[in-house]
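Protein chains in written order, with this note's numbering: chain A, 236 to 476; chain R, 9 to 349.
Encoded as structure tokens, the structure appears first; notes follow it.
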Ligand SMILES: [Zn+2]
């Protein structure tokens with residue numbers, strides 16, 4: 236099975252090709268530059284260098300978020316359209332689950348995260364034992380301070396994995412001290428090859444057309460509109476009492 | 009059935025709040041033109057919300073492309089190139105179309121063409137009546153008010169543009185102050201038809217000989233008129249105010265277009281953009297061009313508002329020249345028409 240993987244959920248642009256469980260190639264760049272300029276050229280180059288014809292691809296894997304809205308949409312739109320055009324399945328994987336794979340040989344808690352601005356993080360909670368990574372919490376957005384408070388109440392070391400490590404490392408160490416573990420800088424960067432591997436045994440998305448990112452949050456205008464409507468309904472129903 | 013000599017372009021347009029795909033044969037024949045409007049969603053907010061627009065585009069894009077091919081009764085194998093609006097527009101929205109087009113190009117190995125949205129609007133006319141040159145195009149929409157001179161296919165010279173609000177934007181703002189629903193253009197057009205342009209509102213001509221536009225002064229004077237009337241408690245018809253606003257906007261658009269056509273001595277004028285759907289503008293420009301003895305083309309309504317067939321028509325000119333985009337094609341929100349920025 237030939238799997239093409241695409242991850243643009245953070246500033247890291249990653250694309251990889253895996254044949255069954257054999258990695259054929261990866262192109263990853265870490266520049267904070269527009270994904271539009273990097274993704275399609277990387278896919279074309281990867282196919283060329285591995286002598287893979289587009290029509291030999293069997294499935295396409297993509298990170299579904301959470302992460303940068305625009306970044307996730309770029310990856311998903313490219314992946315969705317390619318999968319549709321080739322008539323092959325699309326497999327979606329959480330960006331947090333992908334990042335957690337980099338802690339495979341750690342024994343303890345794994346907390347992958349992306350910075351979500353205003354001291355908020357996109358994060359998920361995983362536990363790793365004997366090379367098996369298990370999810371313990373769904374992906375969500377949390378305030379850094381809330382996350383640290385929760386981690387303090389957990390037993391054992393916590394491995395933090397993030398391309399945005401430098402933004403929050405100091406505060407994490409202040410609160411958690413030795414409980415907090417950081418790997419080498421590369422450990423915090425999502426690997427597209429891992430995404431391709433995960434996708435080999437994963438159920439594809441049921442309906443390609445309606446597949447959309449996992450944004451975690453509503454668009455701001457949408458959230459405000461819903462809140463205003465709920466308030467209006469509240470006051471009209473209380474008047475009716 | 010596709011003949012060997014035919015060129016099929018699958019075009020995509022997502023620059024604002026319509027997710028659109030179309031198949032155009034040889035740059036002139038529309039085989040399909042599918043548009044999914046998000047207007048019902050954005051109405052709640054009183055205008056297009058960029059993040060909401062981008063989300064809808066992702067939900068719709070492959071479905072719309074599939075429909076466009078099915079309606080045209082062709083497959084991806086029959087397509088010669090993929091065209092997409094690269095700008096101007098909302099960057100997040102543009103990026104969905106751009107990456108869908110790239111996904112298609114990557115999957116099929118077929119070339120990619122990046123099209124300017126305004127070139128698309130102008131070429132909507134080419135789908136109706138083959139463009140002949142030289143011509144002047146008046147482009148009017150929510151984001152644009154421009155006079156463009158074309159001496160041949162694919163070459164655009166900007167003669168004038170708005171210095172503040174686009175005419176469609178002015179319509180939306182005035183509609184809001186009059187308590188009319190979004191989008192404001194059709195609402196004012198309809199209301200104006202039942203009123204008289206009895207209120208004296210200013211016409212912004214700018215400097216002698218300028219082909220630029222300005223609508224913010226007109227918008228302010230509508231606001232002032234309303235405000236003063238309220239303070240004095242005087243009664244007036246909202247329909248009259250709408251008619252007066254429309255009369256001012258249309259007069260400036262028509263006169264400047266006529267002046268540009270005269271200055272460049274063109275036998276032909278084409279109208280383009282979403283505001284070309286405005287009946288007041290269509291009527292006034294038609295009468296004026298008849299009087300001046302110039303040929304005028306106005307596309308039917310469904311080709312005036314944003315659609316992908318117009319992008320396919322403009323793309324054909326680029327296809328013939330071998331003007332293809334690289335894999336690094338980007339969404340360019342401020343892309344200009346007349347030079348290669
Ligand atoms: Zn437009």
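Glycine included, every Cβ here is placed at the ideal spot set by N, Cα and C.
Residue burial classification, residue i (beta-carbon count within 10 angstroms, cutoff 16)
{"i": "residue 288 of chain A", "result": "exposed"}
{"i": "residue 48 of chain R", "result": "exposed"}
{"i": "residue 256 of chain A", "result": "exposed"}
{"i": "residue 276 of chain R", "result": "buried"}
{"i": "residue 349 of chain R", "result": "With a pLDDT of 39 at residue 349 of chain R, under the threshold of 50, the predicted position of this residue should be treated as unreliable, though the coordinate-derived value follows. By the 10 Å Cβ count, residue 349 of chain R comes out exposed."}
{"i": "residue 27 of chain R", "result": "buried"}
{"i": "residue 475 of chain A", "result": "Confidence at residue 475 of chain A is low in this model, with a pLDDT of 44, below 50, so the placement of that residue is unreliable and no value is reported for it."}
{"i": "residue 268 of chain A", "result": "exposed"}
{"i": "residue 364 of chain A", "result": "exposed"}
{"i": "residue 315 of chain R", "result": "buried"}
{"i": "residue 124 of chain R", "result": "buried"}
{"i": "residue 420 of chain A", "result": "exposed"}
{"i": "residue 238 of chain R", "result": "exposed"}
{"i": "residue 141 of chain R", "result": "exposed"}
{"i": "residue 244 of chain A", "result": "buried"}
CB contact check: residue i to chain A, cutoff 8 Å
{"i": "residue 171 of chain R", "result": "no"}
{"i": "residue 123 of chain R", "result": "no"}
{"i": "residue 5 of chain R", "result": "Any property of residue 5 of chain R remains undetermined from this structure, which presents chain R solely from 9 to 349."}
{"i": "residue 89 of chain R", "result": "no"}
{"i": "residue 57 of chain R", "result": "yes"}
{"i": "residue 84 of chain R", "result": "yes"}
Cα-Cα separation between residue i and residue j, rounded to whole angstroms
{"i": "residue 87 of chain R", "j": "residue 320 of chain A", "result": "12 Å"}
{"i": "residue 298 of chain R", "j": "residue 199 of chain R", "result": "26 Å"}
{"i": "residue 215 of chain R", "j": "residue 165 of chain R", "result": "20 Å"}
{"i": "residue 262 of chain R", "j": "residue 181 of chain R", "result": "21 Å"}
{"i": "residue 280 of chain R", "j": "residue 285 of chain A", "result": "47 Å"}
{"i": "residue 101 of chain R", "j": "residue 61 of chain R", "result": "6 Å"}
{"i": "residue 133 of chain R", "j": "residue 284 of chain R", "result": "11 Å"}
{"i": "residue 231 of chain R", "j": "residue 108 of chain R", "result": "43 Å"}
{"i": "residue 380 of chain A", "j": "residue 272 of chain A", "result": "36 Å"}
{"i": "residue 144 of chain R", "j": "residue 185 of chain R", "result": "33 Å"}
{"i": "residue 67 of chain R", "j": "residue 445 of chain A", "result": "5 Å"}
{"i": "residue 329 of chain R", "j": "residue 463 of chain A", "result": "53 Å"}
{"i": "residue 159 of chain R", "j": "residue 218 of chain R", "result": "20 Å"}
{"i": "residue 22 of chain R", "j": "residue 313 of chain R", "result": "12 Å"}
{"i": "residue 280 of chain A", "j": "residue 356 of chain A", "result": "33 Å"}
{"i": "residue 371 of chain A", "j": "residue 43 of chain R", "result": "43 Å"}
{"i": "residue 265 of chain R", "j": "residue 305 of chain R", "result": "13 Å"}
{"i": "residue 162 of chain R", "j": "residue 254 of chain R", "result": "32 Å"}
{"i": "residue 287 of chain R", "j": "residue 296 of chain A", "result": "50 Å"}
{"i": "residue 310 of chain A", "j": "residue 79 of chain R", "result": "28 Å"}
{"i": "residue 233 of chain R", "j": "residue 189 of chain R", "result": "20 Å"}
{"i": "residue 179 of chain R", "j": "residue 289 of chain R", "result": "13 Å"}
{"i": "residue 76 of chain R", "j": "residue 131 of chain R", "result": "19 Å"}
{"i": "residue 210 of chain R", "j": "residue 308 of chain R", "result": "31 Å"}
{"i": "residue 213 of chain R", "j": "residue 221 of chain R", "result": "7 Å"}
{"i": "residue 415 of chain A", "j": "residue 403 of chain A", "result": "12 Å"}
Within-8 Å CB hit, residue i to chain R
{"i": "residue 271 of chain A", "result": "yes"}
{"i": "residue 475 of chain A", "result": "The predicted model places residue 475 of chain A with a pLDDT of 44, which falls under 50 and marks its position as unreliable; any figure quoted below should be read in that light. So no, residue 475 of chain A is outside the interface."}
{"i": "residue 236 of chain A", "result": "no"}
{"i": "residue 287 of chain A", "result": "no"}
{"i": "residue 457 of chain A", "result": "yes"}
{"i": "residue 312 of chain A", "result": "yes"}
{"i": "residue 308 of chain A", "result": "yes"}
{"i": "residue 258 of chain A", "result": "no"}
{"i": "residue 251 of chain A", "result": "no"}
{"i": "residue 266 of chain A", "result": "no"}
{"i": "residue 301 of chain A", "result": "no"}
{"i": "residue 349 of chain A", "result": "no"}
{"i": "residue 240 of chain A", "result": "no"}
{"i": "residue 275 of chain A", "result": "yes"}
{"i": "residue 477 of chain A", "result": "Absent from the structure is residue 477 of chain A, since the part of chain A shown begins at 236 and ends at 476."}
Cβ distance (whole Å) where residue i is taken to contact residue j below 8 Å
{"i": "residue 291 of chain A", "j": "residue 237 of chain A", "result": "6 Å"}
{"i": "residue 154 of chain R", "j": "residue 169 of chain R", "result": "5 Å"}
{"i": "residue 332 of chain A", "j": "residue 359 of chain A", "result": "7 Å"}
{"i": "residue 430 of chain A", "j": "residue 242 of chain A", "result": "5 Å"}
Proximity test, Cβ basis, 8 Å: residue i and chain B
{"i": "residue 118 of chain R", "result": "Absent from the structure: chain B. Protein chains present are A and R."}
inquiry  = Along the segment 43–54 of chain R, where does the CB come closer than 8 Å to a CB of chain A? Name the residues.
reply    = Of all residues in the segment 43–54 of chain R, 52 and 53 have a Cβ within less than 8 Å of some Cβ in chain A.
key: Where the segment 60–79 of chain R meets chain A: residues whose CB sits under 9 Å from a CB there   = Residues 60, 62, 63, 65, 66, 67, 68, 69, 70, 71, 73 and 74.
ask   = Which residues, in order along the segment 428–457 of chain A, keep a beta-carbon less than 8 Å from a beta-carbon of chain R?
value = Under the 8 Å Cβ criterion, the segment 428–457 of chain A contributes 443, 444, 445, 447, 448, 450, 454, 455, 456 and 457.
query = Taking any Cβ of chain A, which residues in the segment 323–343 of chain R have a Cβ under 9 Å from it, in chain order?
reply = From the segment 323–343 of chain R, only 334, 335, 336, 337, 338 and 339 have a Cβ closer than 9 Å to chain A.
task = Using a Cβ-Cβ cut-off of less than 7 Å, list which residues of the segment 96–115 of chain R approach chain A; keep chain order.
result = Of all residues in the segment 96–115 of chain R, only 100, 103, 104, 106, 107, 108, 110, 111, 112, 114 and 115 come within less than 7 Å of chain A when Cβ atoms are compared, listed by chain position.
query = the segment 311–330 of chain A: which residues have C-beta closer than 9 Å to a C-beta of chain R, in chain order?
reply = Within the segment 311–330 of chain A, the residues whose Cβ lies closer than 9 Å to some Cβ of chain R are 311, 312, 313, 314, 315, 316, 317, 318, 319, 320 and 321, listed in chain order.
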